[in-house]
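Colleague: In the working numbering, the protein residues as written are 132 to 793. Here a beta-carbon is modelled for each residue, glycine too, at the ideal position from N, C-alpha and C. Just so we're clear, the structure is a prediction, and the values are computed from it rather than from any experiment. Below you will find the structure I want to go over with you.
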């Protein structure tokens, strides 16, 4: 059953809190509507939200119907117009709890510090647990040192408020507004007796807050990483162990990497080994490369690419025959080439180039092309493949490999002009991915390429050829680079023009618990759509599904213990539609199996979507959540780059039911 609006997300049996629904207005119908959008006034409110029409939304905040006030307040969480700030501060004191909760969430989304005092004042009076939770989390999004002091010392009167306090602390950490007292409170929240939701938020605060030193809290974090009953919390604590300085750090991380039953915890421990002497972790790394779960093996091979110094070539050559996954093998090959002596590369390069030529899958070829970038002498071969490639993923991955080459600290100065020409050629190619990637590389200050381009008319010429809003991501990259080369302040990119309005006739055919089945080569995944939370995104997904748009596409991006992403016609992450839809933000949190819309920024969504492997609270309120996996998470965890989406089917779509609002 789908979790509905609360002022705090719960995970069914794992959490003690339940969602309060958005209120429905009174409706007159001959038959029950499929969903709440049988109410024409709610349609109007959501349409105004979709149009980002602050002026016409504001009057609904004072509507006699509390359901309309609530939905209007929630609409501003997506509109995010500071012109609504004062009105939302007023509705924060509404007589109806649901309206207060929606207002608190919207104020958090606005992120304006002016809301801090009002939120603190309301917390002194608020009696509804769910609203307390929403106020506390919003405080973390807007607060200063005053909020940090409050959240560190707050005595939660109920489980909902305790969870809200923990999420408020997490939000402070993401804004780097925390204090030592806040860190201490997060450590205390790790206690086994604390509710799941608060432990999860605290663990993610410790894992994701930049520049924390957790050395003095080593034992509490280690105990959580090894003993907490929830793998989602153990994995975050294992990630936080990277911030502990200890002589036995290699030992306890190696033990976790080799013993935890959940692959997500194992790979989190591997990632936390960065900075350790390779000799101390070599046994655990070799074991992780051959882990029974391919995600752990992939993450470990990526760890080796990022931490290649001192990795023995012979050890990798010995283990290479045992590595069956193409992505793992390719990353290991990259390190072998990177760390081999020049005389050994002479015979290694032809061998790996032949493997590239023999590979049948475009994704396997792409992985191998990137592997060849371990030796800078392969740059001409890689560049040739980039500009000859018929499959976008090969060209895109090859360009990524060339950029990786250029970013290496030991990149030879003699090749700088050649790479400047390659990037210029890529911009002139007209391929949106190559253009965008090369533009981003050109403005990388570490590469110091400004002197290589005395005339950057080629960038403006490329920009003129783009089709908007389809190519908005590339347009943004080009504009940033033009500004960089010209020494100007970054240009404010205009918002996408309003296109593709919500199809309300289609929305009304979608049941609140509507299910879809995504059939893949690895098995089937059943998702429940959240039409009442994200009607525009759900209608867009259903429309594309009915067109067969997703059939025969691939999961082009899989980041271990993060997301599996698909929906791209190009198959490389750069494919979009000739329209965009708007972001729809609600108090839902990204937990395992939640489905979100990919974007290049607010209001740029179109056809790409992703499924989370584990909680990803840093995505909350930034990427639309429009569905949740209800069956087949085992399939999601087995997905790899290049796995095919055989078909997507909407199950038993309901007919339109007419309804009129009173």
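On the DSSP bridge list, what partners appear for residue 580?
Modeller: Looking at the DSSP assignment, residue 580 forms no beta bridge with any residue, so it has no partner.
Colleague: Given a cut-off of 8 Å, decide if residue 389 and residue 373 are closer than it, judged by their beta-carbon atoms.
Modeller: Contact: no.
Colleague: Quick one: residues in its chain with C-beta nearer than 8 Å to the C-beta of residue 216, no 5 flanking neighbours on either side, listed in chain order?
Modeller: Once the five neighbours on either side are set aside, the close Cβ partners of residue 216 are 238, 241, 243, 245 and 246.
Colleague: Residue 658 bridges to which residues according to DSSP?
Modeller: Its beta-bridge partners are 647 and 760.
Colleague: Hey, quick one: how far does the beta strand (DSSP E) through residue 615 stretch, first residue to last?
Modeller: Run containing residue 615: none in the beta strand (DSSP E); it sits in the alpha helix (DSSP H), 603 to 617.
Colleague: Note down, one range per segment and in chain order, each alpha helix (DSSP H) of at least 4 residues found wholly within the segment 655 to 704.
Modeller: Correct list: 666 to 677.
Colleague: Starting from residue 728, follow the beta strand (DSSP E) in both directions and report where the run begins and ends.
Modeller: Per DSSP, residue 728 belongs to the beta strand (DSSP E) from 725 to 728.
Colleague: Please list the segments of the alpha helix (DSSP H) lying wholly inside the segment 407 to 466, counting only runs of 4 or more residues, in order along the chain.
Modeller: List check, alpha helix (DSSP H) in window: 409 to 420, 425 to 437 and 444 to 450.
Colleague: Pick from 550, 190 and 275: whose alpha carbon is nearest that of residue 573?
Modeller: For residue 573, the nearest C-alpha among the options comes from 550.
Colleague: Taking a contact to mean a Cβ-Cβ separation below 8 Å, would you say residue 772 touches residue 686 in this structure?
Modeller: Yes, the pair counts as a contact, with Cβ atoms nearer than the cut-off.
Colleague: Would you kindly report the start and end of the unbroken alpha helix (DSSP H) that includes residue 280?
Modeller: Here the alpha helix (DSSP H) through residue 280 covers 276 to 284.
Colleague: Quick check: the Cα distance between residue 153 and residue 252, rounded to an integer number of angstroms?
Modeller: Reliability fails at residue 153, whose pLDDT of 48 lies under 50, so the model's placement of it is uncertain and no value is given.
Colleague: DSSP beta-bridge partners for residue 741?
Modeller: According to DSSP, which records beta bridges pairwise, residue 741 is partnered with 696 and 727.
Colleague: Could you name the residues of the same chain whose beta carbon sits closer than 6 Å to that of residue 797, not counting the 5 residues immediately before and after it, in chain order?
Modeller: Absent from the structure is residue 797, since the part of the chain shown begins at 132 and ends at 793.
Colleague: Skipping 5 residues on each side, what residues in its chain have a beta carbon closer than 6 Å to that of residue 355?
Modeller: 321 and 368, listed in sequence order.
Colleague: For residue 507, I'd like the list of residues in its chain whose CB is within less than 6 Å of its CB, leaving aside the five on either flank, ordered along the chain.
Modeller: 536, listed in sequence order.
Colleague: Under a Cβ-count criterion, where at least 16 other Cβ atoms within 10 Å of its own Cβ denotes burial, should residue 477 be classed as buried or exposed?
Modeller: Its Cβ having fewer than 16 others within 10 Å, residue 477 is exposed.
Colleague: In the DSSP assignment, the alpha helix (DSSP H) including residue 171 goes from what residue to what residue?
Modeller: Run containing residue 171: 171 to 182, per the alpha helix (DSSP H) assignment.
Colleague: Kindly indicate the opening and closing residues of the alpha helix (DSSP H) around residue 501.
Modeller: Taken as a continuous stretch (DSSP letters only), the alpha helix (DSSP H) holding residue 501 covers 493 to 502.
Colleague: Quick check: the Cα distance between residue 547 and residue 538, rounded to an integer number of angstroms?
Modeller: So the two alpha carbons sit approximately 11 Å from each other.
Colleague: Quick one: what does DSSP say residue 525 is sitting in, helix, strand or coil?
Modeller: Residue 525: helix per DSSP, three-state reduction.
Colleague: I need the straight-line Cα distance from residue 740 to residue 729, nearest angstrom please.
Modeller: Approximately 5 Å between the Cα atoms of the pair.
Colleague: Determine the closest residue to residue 753 out of 767, 733 and 761, with distance taken between C-alpha atoms.
Modeller: The shortest C-alpha separation from residue 753 is found at 733.
Colleague: For residue 446 and chain C, any beta-carbon pair shorter than 8 Å?
Modeller: Within the model displayed, chain C is absent; a lone protein chain is all it includes.
Colleague: Span of the beta strand (DSSP E) holding residue 780?
Modeller: Per DSSP, residue 780 belongs to the beta strand (DSSP E) from 775 to 781.
Colleague: Does residue 736 come out as helix, strand or coil in the three-state DSSP assignment?
Modeller: It is a strand residue.
Colleague: Here's the rule I'm using: 16 or more other beta-carbon atoms within 10 Å means buried, otherwise exposed. How should residue 749 be labelled?
Modeller: Classification for residue 749: exposed.
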